[in-house]
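If you read the protein sequences in the order shown, they are chains A and B. Just so you know, the first sequence maps onto residues 26 to 307 in the numbering used here. Just so you know, the second sequence maps onto residues 23 to 300 in the numbering used here.
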Amino acid sequence: MTTMWRVLQPSDKNLRYWQVGLLLVFLGLWQLASRDQQLAFFLGEPVKVAGRVWSWFMPFGFGPSLLFPDGLPGNADIYLHLGTTLLETVLAFGIGTVLGLACGLWLALAPMASAIMDPYIKAANSMPRVILAPIFAMWFGLGIWSKVALAVTLVFFIVFFNVYQGVKEVSPVVLANARMLGANQRQLLRTVYLPSATSWVFSSLHTSVGLAFVGAVVGEYLGSARGVGYLILQAEGTFDVNTVFAGIVVLTAFALVLDGIVGRIERKLMKWQPRTGETEKL
Amino acid sequence: MSVSLDPASDYALELLDVTCTFRSRDDAGQAYTAVGETTLRIRAGEFVSVVGPTGCGKSTLLNIGAGLLPPTSGTVKVFGKPLNGINSRAGYMFQTEALMPWRSAIDNVMVGLQYRGVSDAEARAQAQAWLERVGLSGFGDRYPHQLSGGMRKRTALAQVLALDPDIILMDEPFSALDIQTRQLMENEVLDLWAAKKKAVLFITHDLDEAIAMSDRVVVLSAGPATVPMGEFVIDLPRPRNVAEVRTQPRFIELHTQIWDVLRDEVLKGYAQQLRKAA
Chain A
26 MTTMWRVLQP SDKNLRYWQV GLLLVFLGLW QLASRDQQLA FFLGEPVKVA
76 GRVWSWFMPF GFGPSLLFPD GLPGNADIYL HLGTTLLETV LAFGIGTVLG
126 LACGLWLALA PMASAIMDPY IKAANSMPRV ILAPIFAMWF GLGIWSKVAL
176 AVTLVFFIVF FNVYQGVKEV SPVVLANARM LGANQRQLLR TVYLPSATSW
226 VFSSLHTSVG LAFVGAVVGE YLGSARGVGY LILQAEGTFD VNTVFAGIVV
276 LTAFALVLDG IVGRIERKLM KWQPRTGETE KL
Chain B
23 MSVSLDPASD YALELLDVTC TFRSRDDAGQ AYTAVGETTL RIRAGEFVSV
73 VGPTGCGKST LLNIGAGLLP PTSGTVKVFG KPLNGINSRA GYMFQTEALM
123 PWRSAIDNVM VGLQYRGVSD AEARAQAQAW LERVGLSGFG DRYPHQLSGG
173 MRKRTALAQV LALDPDIILM DEPFSALDIQ TRQLMENEVL DLWAAKKKAV
223 LFITHDLDEA IAMSDRVVVL SAGPATVPMG EFVIDLPRPR NVAEVRTQPR
273 FIELHTQIWD VLRDEVLKGY AQQLRKAA
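Next comes the structure, spelled out in structure tokens:
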């Protein structure tokens, strides 16, 4: 008995099993709870959620079986929606980052302009910007651009404040050194301010990609004809709680993948930054 | 001891009656005079060290010479011409880390050449040659954080020398290094200086280092309103080895002479720091 406990006791070695086990227990309890028809109406059923995800992604299905008495169709019809959401996210992230970078650099290097703009920037940042969605829908229609605009407002401020901070915190010695080496204003911008600001942008990249995604999905949810947010909205309209949960699962997986890609790019571009345990001893 | 007064413009750098006063940011009425009326002349090709107690405004003096800090009064002349803005004929080696952390060693060395419009390929070749000269030929692709403190100083030295400045300003460049690395670097700097004969203004708080390396040592008084207290010509023969020169009787004699002047100032400076802390 004690040996068995020693093997099962959570440790670094069986961490993964415990993580997976926790998920399985959760799914099992959920499935059990959903055997009650009334609860299932509100909570959905894990098996049906999984079936929904399958139908969205897979081009082939199965006939009637024990788990799916009505059969499981393979529609493979989510790609258009997923692609739309991805496009909105990428566009919002790109536009928001460029705008934030430009404004952050400008205001950090022009103290007077920054002093004038200060209260408005604070106000714009404190405003609950999701509320702008209806206005953007009026301006840009129900296509992707209203979603991009909403997500840009979310990304912009994250990047803007980080760049502003990054420029303000450039090491004065590095700056003086560059000036002594003969850098003019433009060269200072290109070789000192921009790289320094970029490192701050990268430290906020995970947050800003996440927010671009949130902006895109929320925008779709508030009114659209395409996208994962639209699928969830549709399902909600027909009280199809399983599809809502399936949409949430897809969005979560999608966000994790995006985060992983960002992490990889970050490691590649920021290799000049010391990381703990990686600094080489000479 | 006497300052030569001939008007010939063979001076590379002249600080004439400069003063520097800082105004307190919180209280405009409060002012702190870092440098009192000071005149300092460095001939072309001359190695001059400035020693003084900590916090006496040595770095301020150097920043004025570099053009990074305009003096409150007085003039700065570079090869006879009044200085306006950055001193483009001077290279500056800073006390603290000044390399760009996002650039590899070779990119750091070549950045000054790139600022001057040298083509990338040409700048890279010159930077590589300089890295070799400071003993870092195999380390060009390392980032600053991957180099040891001594290597970073060598990179900074190569970065300054790659531009071939006529005046080299050094602000306690080796104070962060251990004694062995430090003597090695001092000898290297002396060799490079002997080959090119630039005007050097070397700031240090280490009297041994100052005497071992310089043609002339200027002693500054304790701050505030620091002023030169004395000037000593170091007539030790060259070439010198900084480790061996210390045992020569003449070195010890000079050391005693200068220390007599410096000691009181160091004690004064120390007492002031204690008062400030209390």
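A virtual CB, placed ideally from N, CA and C, is assigned to each residue, including glycine.
### Query
Using a Cβ-Cβ distance under 7 angstroms, would proline 1 of chain B count as near chain A?
Nothing about residue 1 of chain B can be read from this structure; chain B reaches only from 23 to 300.
### Message
Just list the residues that DSSP pairs methionine 192 of chain B with in beta bridges.
### Response
B/Met115 and B/Phe224
### Message
Between valine 267 of chain B and alanine 234 of chain B, how many whole angstroms is the CB-CB distance? I'm expecting something under 8 angstroms.
### Response
5 angstroms
#### Entry: Same chain only: Cβ atoms within 6 angstroms of arginine 45 of chain B, ignoring 5 sequence neighbours per side
Ala53
### Cα-Cα separation between leucine 105 of chain A and glycine 252 of chain A, rounded to whole angstroms
7 angstroms
### Task
Please say whether valine 199 of chain A and alanine 120 of chain B have beta carbons closer to each other than 7 angstroms?
yes
### Task
Would you verify that the beta carbon of glycine 171 of chain B is, or is not, closer than 7 angstroms to some beta carbon of chain A?
no
#### Entry: Proximal residues of chain B, C-beta to C-beta of glycine 191 of chain A below 8 angstroms
Within 8 angstroms Cβ-Cβ: nothing; glycine 191 of chain A doesn't reach chain B, min ~12 angstroms.
### Message
Looking only at its chain, what residues have a beta carbon closer than 6 angstroms to the beta carbon of aspartate 28 of chain B, apart from the 5 residues adjacent to it on each side?
### Response
Bear in mind that the predicted position of aspartate 28 of chain B carries a pLDDT of just 47, short of 50, making it too unreliable to give a figure here.
### Task
With 9 angstroms as the C-beta to C-beta threshold (strictly closer), list the residues of the segment 205 to 219 of chain A near chain B in chain order.
Met205, Leu206, Gly207, Ala208, Asn209, Gln212, Thr216 and Val217
### Query
Mind checking whether glutamate 221 of chain B and glycine 291 of chain B have CB atoms under 7 angstroms apart?
At residue 221 of chain B the sequence reads alanine, which differs from the glutamate that was named. Contact: no.
### Task
Measure the alpha-carbon distance for glycine 53 of chain A versus lysine 73 of chain A and round it to whole angstroms.
13 angstroms
### Message
Tell me the rounded alpha-carbon separation between serine 139 of chain A and tryptophan 225 of chain A.
### Response
19 angstroms
### Query
Beta-carbon of histidine 167 of chain B versus every beta-carbon of chain A: anything under 7 angstroms?
yes
### Query
Does the Cβ of aspartate 286 of chain B lie closer than 6 angstroms to at least one heavy atom of the ligand MG?
With respect to the ligand MG, the structure offers nothing, as it holds no ligand at all.
#### Entry: Cross-strand partners of lysine 218 of chain B (DSSP beta bridge)
Lysine 218 of chain B is not bridged to any residue.
### Query
When the Cβ atoms of the segment 130 to 137 of chain B are set against those of the segment 173 to 185 of chain B, are three or more pairs found closer than 8 angstroms?
yes
### Message
Quick check: valine 287 of chain A and leucine 230 of chain A, are their CB atoms within less than 7 angstroms of each other?
### Response
yes
### Where the beta strand (DSSP E) through tyrosine 189 of chain A begins and ends
Here tyrosine 189 of chain A belongs to no beta strand (DSSP E); instead the alpha helix (DSSP H) covers 169 to 193.
### Query
Within 10 angstroms of its Cβ, does asparagine 267 of chain A collect 16 or more other Cβ (buried), or is it exposed?
buried
### Message
Using C-beta distances below 7 angstroms, list every residue in its chain close to asparagine 85 of chain B, excluding the 5 sequence neighbours before and after it, in chain order.
### Response
Leu91
### Message
Taking DSSP's pairing of strands, which residues face glycine 252 of chain B in a bridge?
### Response
B/Val241
### Query
Would you say threonine 177 of chain B reaches chain A, if we count a Cβ-Cβ gap shorter than 7 angstroms as a contact?
no
### Query
chain B beta carbons: is any one of them nearer than 7 angstroms to that of valine 199 of chain A?
yes
### Query
Roughly how many angstroms lie between the CA atoms of glutamate 275 of chain B and glutamate 68 of chain B, to the nearest whole one?
22 angstroms
### Query
CB-CB under 8 angstroms to phenylalanine 273 of chain B, same chain, minus the five flanking residues each way: which ones, in chain order?
Ile233, Ala234, Leu258 and Val267
### Query
For asparagine 187 of chain A and chain B, any beta-carbon pair shorter than 7 angstroms?
no
### Query
Going by alpha carbons, who is nearest to tryptophan 215 of chain B out of B/Gln136, B/Ile189, B/Leu135 and B/Val73?
B/Ile189
### Query
In chain B, which residues lie with their C-beta within 7 angstroms of the C-beta of tryptophan 297 of chain A?
Pro123, Trp124 and Tyr165
### Message
Against chain B, with Cβ distances strictly below 7 angstroms, would asparagine 202 of chain A count as a contact?
### Response
yes
### Task
For lysine 219 of chain B, collect the residues of the same chain with a Cβ closer than 7 angstroms to its Cβ; drop the 5 residues on either side in sequence, then sort them by chain order.
Gly67
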